[in-house]
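Just below is one structure, and these are the notes that go with it.
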Amino acid sequence: MTQLPDPVDTAVRALTAMGSGTRADVEAVTHPENVNREAKDEPPACRGLGPDATWATAIWLRTAFINLRHTPHDVVADGDLVVVHATMSGTQTGPFVAYGENAAITQVFAPTGRDFAVTQTHWFRLRDGLCIEHWANRDDLGMAQQLGWVPPTPLYLFRCARAKRTAMRAERA
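Following full-length UniProt numbering, the numbering of the sequence shown begins with 1 at its first residue and continues without gaps.
This is the structure we're talking about:
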């Protein structure tokens with residue numbers, strides 16, 4: 001009889017793979033039917049199921065933030081549910097592109113070169129020893145303040161408008 005991996009280890013590996021893992025690391029912890037409940041605000045490629053969509057989320061985040069890291073603090077498991085309280089940190093060196101429910105670009109936050117560190121709580125449901133569902137509670141306002149997105153200066157608003165125009169042209173190409 002094959003023993004399933006430790007659910008706590010699987011969830012922590014899934015979270016840390018988003019910032020620093022390889023495609024193989026993501027595939028090793030992601031169920032083929034995995035759904036990311038946070039993908040509604042992400043690029044279209046992130047909205048599917050399984051490792052491809054999960055990897056697309058990692059690439060989307062890494063395009064905006066270098067040195068992206070999730071540092072787990074507390075982990076609680078109950079049956080097939082694992083909750084990880086962590087700090088996400090990094091440096092914004094690329095544009096952060098936000099999407100609406102219709103998969104259209106809604107906002108682009110121009111790179112600021114600033115560092116951030118915010119706490120988050122990630123919820124993972126497991127099946128067959130792999131992550132099959134993910135959702136999160138994040139401190140998006142705290143991140144926006146640390147990165148200088150809010151309150152915006154007139155110059156930063158101009159830079160964001162220019163970055164959005166560039167992203168929309170790239171998406172159409």
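Cβ coordinates follow ideal geometry from the N, Cα and C atoms, glycine included. Since the model is a prediction, treat every value here as computed from it, not as a measurement.
Take residue i and list the residues in its own chain whose beta-carbon comes closer than 8 Å to its own, dropping the five residues that flank it on each side.
| i | result |
| --- | --- |
| residue 80 | 7, 125, 126 and 127 |
Does the distance from the C-beta atom of residue i to that of residue j stay below 8 Å?
| i | j | result |
| --- | --- | --- |
| residue 110 | residue 47 | no |
| residue 17 | residue 26 | yes |
| residue 90 | residue 59 | no |
| residue 92 | residue 114 | yes |
| residue 137 | residue 121 | yes |
| residue 33 | residue 49 | yes |
To the nearest whole angstrom, what separates the beta carbons of residue i and residue j, a pair I think is in contact under 8 Å?
| i | j | result |
| --- | --- | --- |
| residue 131 | residue 31 | 6 Å |
| residue 72 | residue 83 | Incorrect: roughly 11 Å between the Cβ atoms, too far for contact. |
| residue 133 | residue 37 | 7 Å |
| residue 4 | residue 129 | 4 Å |
Within its chain, find whatever has a CB closer than 7 Å to the CB of residue i; leave out the 5 residues flanking it on each side and keep chain order.
| i | result |
| --- | --- |
| residue 23 | 55 |
| residue 94 | 63, 64 and 111 |
Leaving out five residues on either side along the sequence, give the residues of the same chain with a beta carbon under 6 Å from the beta carbon of residue i.
| i | result |
| --- | --- |
| residue 117 | 87 and 89 |
| residue 45 | 56 |
| residue 142 | 118 |
Could you please give me the residues that DSSP links to residue i through a beta bridge?
| i | result |
| --- | --- |
| residue 109 | 96 |
| residue 78 | 81 |
| residue 88 | 70 and 118 |
So that I know if they touch, is there some Cβ in chain B lying closer than 8 Å to that of residue i?
| i | result |
| --- | --- |
| residue 151 | The structure shown contains no chain B; it holds only a single protein chain. |
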